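S.K.:
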Amino acid sequence: MVVCSLVPRFQLLAALGERRALLSEPSALAPEPGRGQFLGEVSAAAEAFGVTPGMRVGEALSRCPALRLVAPDPQGAREQWSAALDALEGIGAEVESDLPGTVFFAASGLTGIHGGNLDGVLRAAGAAVPRARLGAAPSRFASYAAALHARPRRRADQRIVGVEAAAGFLGPLPVGLLRSRPELAWLPDMLERLGIRTLAALAALPAARVAERFGHPGLLAHELARGGDTPLDPRRPQEPVIERLALPDAASGPQLERALELLVGRVLARPERRGRTVRALGLSARFVAGGTWRERATLRQASADAGRIRLVLAPRLAALPAPAELLGLEVEAFGPPAHDQGKLLEDRHAGRRARLAEAVSQACQVAGPGAAMRVLDVDPGSRVPERRSVLAPYEAER
Amino acid sequence: MSAARRLSPPRPVRVEKGPEGAPETVSGEAVEAVLEDWVVEDRWWTGRPLRRRYFEVLLADGRDAVVFIDLTSGCWFAQRSA
Chain H
1 MVVCSLVPRF
11 QLLAALGERR
21 ALLSEPSALA
31 PEPGRGQFLG
41 EVSAAAEAFG
51 VTPGMRVGEA
61 LSRCPALRLV
71 APDPQGAREQ
81 WSAALDALEG
91 IGAEVESDLP
101 GTVFFAASGL
111 TGIHGGNLDG
121 VLRAAGAAVP
131 RARLGAAPSR
141 FASYAAALHA
151 RPRRRADQRI
161 VGVEAAAGFL
171 GPLPVGLLRS
181 RPELAWLPDM
191 LERLGIRTLA
201 ALAALPAARV
211 AERFGHPGLL
221 AHELARGGDT
231 PLDPRRPQEP
241 VIERLALPDA
251 ASGPQLERAL
261 ELLVGRVLAR
271 PERRGRTVRA
281 LGLSARFVAG
291 GTWRERATLR
301 QASADAGRIR
311 LVLAPRLAAL
321 PAPAELLGLE
331 VEAFGPPAHD
341 QGKLLEDRHA
351 GRRARLAEAV
361 SQACQVAGPG
371 AAMRVLDVDP
381 GSRVPERRSV
391 LAPYEAER
Chain G
1001 MSAARRLSPP
1011 RPVRVEKGPE
1021 GAPETVSGEA
1031 VEAVLEDWVV
1041 EDRWWTGRPL
1051 RRRYFEVLLA
1061 DGRDAVVFID
1071 LTSGCWFAQR
1081 SA
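From first to last, the protein sequence lines stand for chains H and G. So for the first sequence, my numbering puts the first residue at 1; every next one is plus one. So for the second sequence, my numbering puts the first residue at 1001; every next one is plus one.
The following block contains the structure:
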């Protein structure tokens, strides 16, 4: 069974903080400073006025003049959600979470340490993430639907869908639920135009017809509607290395740079670094007037040189849209160890290989592990063509 | 999700078949000739057996294509390097 723990409007809640009462009024996350003028998450009261996430601010205000715009707090949301994931990992769960507010984990393997049944696992998950809605079902998609239908503010804030009941539970639900999968976000509109409004109607179609019309996304949607899904891909537990520094009033220019210098020095002195270089960093700030800001910086070459790191980060301080009262620096990815050992005999091709490895490493850091791939023969003689070779992430030899 | 992925995965394709079960059109293109056909059966000892009937066909526009019908689901797919 897969368990989904869902905190609806998590980013809005994180930004509201103590002003949670605003959630019952028409309110929405304001655009992040320096980004496009589009709304973030919106409250249910705002949705009643026809305001939706991603809508232009001007259009939203014309639909709902009383709309309260809340300054976003990306750093706060990230920290709170990271703490929630840590708490779930604390009960033994291997969590998968692509979006703040939604997390999945497999219950198998946890029942033994939480009372021997699924209820025990759900109780532990509920205690780890308070206010979350919990759903359990045989697949990720069905568990998300179950969590959506768990009644909030009830003692048993959870819904369990059995293996046999999954298709029946999903059947009457609208195809719009497929929007929860980013790769299928475009599909529900098209299905609705064709008169396919429920997951049961989609599941009843022959797989061959769905495949012909919509290709692989259609087959995935068909599989989801029938209660299937792809396997979970849990995250690797992170090792947070973050340093923060409170700033005097209206710190700017040289003061900010001095603060950055201190932060870089502190991060490099952290024992968790264990001599490794730094590949990517997150620079964050909390504004005097409320709200937070966050920028990611990927170094062209992994480094443990404070001067070089400062050189990369300092220009980003100029992009701060408002006076800050707190500056933070977090290591998002480490590189190889900082000490390179020279070789006794010079290898003529070593330099080229090192440059290639560095280029691959940079590309993967920016574009993800799929940026550089190599073909690996797995079963070259197989009669099934797709089993002969796979594309695997390219790991350069150094 | 895992970064490794298979090469030459089957791609759903629209096929109209004739009375003998051989393709007559592939993605709307008429089939000039069926060059070869063969059956692949594998993993019959598992709960998810693989049963495919492959056709190598010559299309009216001169292209050579390999398509197969999944004998379990009835879906048609095109596949390269078959």
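Virtual Cβ for every residue (Gly too), placed ideally from N, Cα, C. All of these numbers come straight from a predicted model, not from anything done at the bench.
#1: So Ala136 of chain H and Ala107 of chain H are in contact, right, with Cβ under 8 Å, and what is the actual spacing, rounded?
#2: Using 10 angstroms around the beta-carbon of His114 of chain H, count the other beta-carbons present and answer buried if the total reaches 16, otherwise exposed.
#3: Tell me, please, whether the CB atom of Glu192 of chain H is closer than 8 Å to any CB atom in chain G?
#4: Alpha carbon to alpha carbon, how far is Gly227 of chain H from Leu110 of chain H? Give it in angstroms, no decimals.
#5: Taking 7 Å as the limit between beta carbons, can you name the residues of its chain near Gly50 of chain H, skipping five residues before and five after?
#6: Please list, in chain order, the chain B residues whose beta carbon lies closer than 7 Å to that of Arg1005 of chain G.
#7: Taking the continuous beta strand (DSSP E) assigned at Phe141 of chain H, which residues delimit it?
#8: Helix or strand or just coil, what does DSSP make of Leu6 of chain H?
#9: Which residues bound the alpha helix (DSSP H) around Val210 of chain H?
#10: Only counting the same chain, and skipping five residues up and downstream in sequence, which positions put a Cβ closer than 6 Å to that of Ala156 of chain H?
#11: Taking the continuous beta strand (DSSP E) assigned at Arg334 of chain H, which residues delimit it?
#12: Please classify Gln301 of chain H as buried or exposed, where buried requires at least 16 other C-beta atoms within 10 Å of its C-beta.
#13: Considering only the alpha carbon of each residue, which of H:Gly40, H:Ala44, H:Met55 and H:Ala46 lies closest to Ala71 of chain H?
#14: Using a cut-off of 7 Å between C-beta atoms, extract the partners of Arg1014 of chain G located in chain H.
#15: Can you tell which of H:Pro100, H:Gly126 and H:Ala66 has its C-alpha closest to the C-alpha of Gly90 of chain H?
#16: Could you tell me which residues DSSP pairs with Pro1023 of chain G in its beta bridges?
#17: Determine the direct distance from the alpha carbon of Gly162 of chain H to that of Ala207 of chain H, and round the result to whole angstroms.
#18: Smallest Cα separation from Arg1043 of chain G: which of H:Glu395, H:Pro393, H:Arg387 and H:Ala392?
#19: Is it buried or exposed for Met190 of chain H, if we count other Cβ within 10 angstroms and need 16 for buried?
#20: How about Ala150 of chain H and Ala203 of chain H: are their beta carbons less than 8 Å apart?
#21: Where do the N-terminal and C-terminal ends of the beta strand (DSSP E) with Pro393 of chain H fall, by residue?
#22: Residues of chain G with CB closer than 9 Å to the CB of Val57 of chain H, please, in chain order.
#23: Between the C-alpha atoms of Leu391 of chain H and Ser1008 of chain G, what's the straight-line distance to the nearest angstrom?
#24: To be precise: take each residue of the stretch 1021-1046 of chain G, compare its Cβ to all Cβ atoms of chain H, and keep it if any distance is under 8 Å. Which residues remain?
#25: Going by the DSSP bridge assignment, what does Arg133 of chain H pair with across the sheet?
#26: Between Arg276 of chain H and Pro336 of chain H, what straight-line distance do the alpha-carbon atoms span, to the nearest angstrom?
#27: When burial is assigned at 16 or more other CB atoms within 10 Å of the CB, is Thr292 of chain H buried or exposed?
#28: Name the chain G residues that come within less than 8 Å of His222 of chain H, Cβ to Cβ?
#29: In chain order, what residues of the same chain lie with their CB nearer than 7 Å to the CB of Lys1017 of chain G, ignoring the 5 residues before and after it?
#30: By the DSSP assignment, the alpha helix (DSSP H) with Ser190 of chain H in it spans what residues?
#31: Quick check on the DSSP output: the alpha helix (DSSP H) that includes Ser361 of chain H runs from which residue to which?
#32: Does the beta carbon of Ala227 of chain H sit closer than 8 Å to a beta carbon anywhere in chain G?
#33: List, in chain order, every chain H residue whose beta-carbon is nearer than 9 Å to that of Gly1074 of chain G.
#34: Pick from H:Gln37, H:Leu281 and H:Gln80: whose alpha carbon is nearest that of Ala60 of chain H?
#35: Please state whether DSSP places Thr198 of chain H in a helix, a strand or coil.
#36: If the cut-off is 7 Å on Cβ atoms, which residues from the stretch 1048-1071 of chain G count as contacting chain H, listed in chain order?
M.R.: Here's the rundown:
#1: So it is a contact: roughly 6 Å between Cβ atoms.
#2: Buried, because 16 or more other Cβ atoms sit within 10 Å of the Cβ of His114 of chain H.
#3: With a threshold of 8 Å between beta carbons, Glu192 of chain H makes no contact with chain G.
#4: Distance from the CA of Leu110 of chain H to the CA of Gly227 of chain H, rounded to the nearest whole angstrom, comes to 22 Å.
#5: Non-local beta-carbon contacts of Gly50 of chain H in its own chain, meaning distances under 7 Å to residues more than five positions away in sequence, involve Arg63 in chain order.
#6: You won't find chain B in this structure, because its protein chains are H and G.
#7: Per DSSP, Phe141 of chain H belongs to no beta strand (DSSP E); it is in the alpha helix (DSSP H), Arg140 to Leu148.
#8: Here Leu6 of chain H sits in strand by DSSP.
#9: Counting along the chain, the alpha helix (DSSP H) containing Val210 of chain H begins and ends at Ala207 to Ala225.
#10: For Ala156 of chain H, the predicted structure reports a pLDDT of 48, less than 50, and the residue's modelled location is therefore unreliable. A value from the coordinates is still provided. Only residues of its own chain outside the window of five on either side were considered, and among them none has a CB closer than 6 Å to the CB of Ala156 of chain H.
#11: Residue 334 of chain H is actually Phe in this sequence, not Arg. Counting along the chain, the beta strand (DSSP E) containing Phe334 of chain H begins and ends at Ala324 to Pro337.
#12: That one is exposed.
#13: Distance from the Cα of Ala71 of chain H is smallest, within the candidate group H:Gly40, H:Ala44, H:Met55 and H:Ala46, for H:Gly40.
#14: By Cβ distance, chain H contributes Glu212.
#15: It is H:Gly126 whose Cα lies nearest to the Cα of Gly90 of chain H.
#16: Under DSSP, Pro1023 of chain G forms a beta bridge with G:Lys1017.
#17: Roughly 24 Å between the two C-alpha positions.
#18: Closest option to Arg1043 of chain G, judged by alpha-carbon separation, among H:Glu395, H:Pro393, H:Arg387 and H:Ala392: H:Arg387.
#19: Met190 of chain H is classed as exposed because its beta carbon has fewer than 16 other beta carbons within 10 Å across all chains shown.
#20: Their beta carbons are not under 8 Å apart, which means Ala150 of chain H does not touch Ala203 of chain H by this criterion.
#21: Element bounds for Pro393 of chain H: Ser389 to Pro393.
#22: From the beta-carbon of Val57 of chain H, no residue of chain G is found nearer than 9 Å; the closest lies around 34 Å away.
#23: If you draw a straight line from the Cα of Leu391 of chain H to the Cα of Ser1008 of chain G, it comes to about 10 Å.
#24: Of all residues in the stretch 1021-1046 of chain G, only Val1040 and Asp1042 come within less than 8 Å of chain H when Cβ atoms are compared, listed by chain position.
#25: Per DSSP, H:Leu6.
#26: Rounded to whole angstroms, Arg276 of chain H to Pro336 of chain H spans 6 Å at the Cα level.
#27: Answer is buried; the Cβ neighbour count reaches 16.
#28: Residues of chain G passing the Cβ test: none, with the nearest at roughly 10 Å.
#29: Closer than 7 Å at the Cβ level, and outside the excluded window around Lys1017 of chain G, lie Pro1023 and Glu1024.
#30: Note on residue identity: the sequence assigns Met, not Ser, to residue 190 of chain H. Element bounds for Met190 of chain H: Leu187 to Arg193.
#31: Counting along the chain, the alpha helix (DSSP H) containing Ser361 of chain H begins and ends at Ala350 to Ala367.
#32: The residue you asked about is not Ala; residue 227 of chain H is Gly in the sequence shown. Answer no: the Cβ-Cβ gap between Gly227 of chain H and chain G never drops below 8 Å.
#33: Per Cβ cutoff of 9 Å: Pro206, Ala207 and Ala208.
#34: If we check each option's Cα against that of Ala60 of chain H, H:Gln37 comes out closest.
#35: The three-state secondary structure of Thr198 of chain H, taken from DSSP, is strand.
#36: Per Cβ criterion, the list reads Leu1050.
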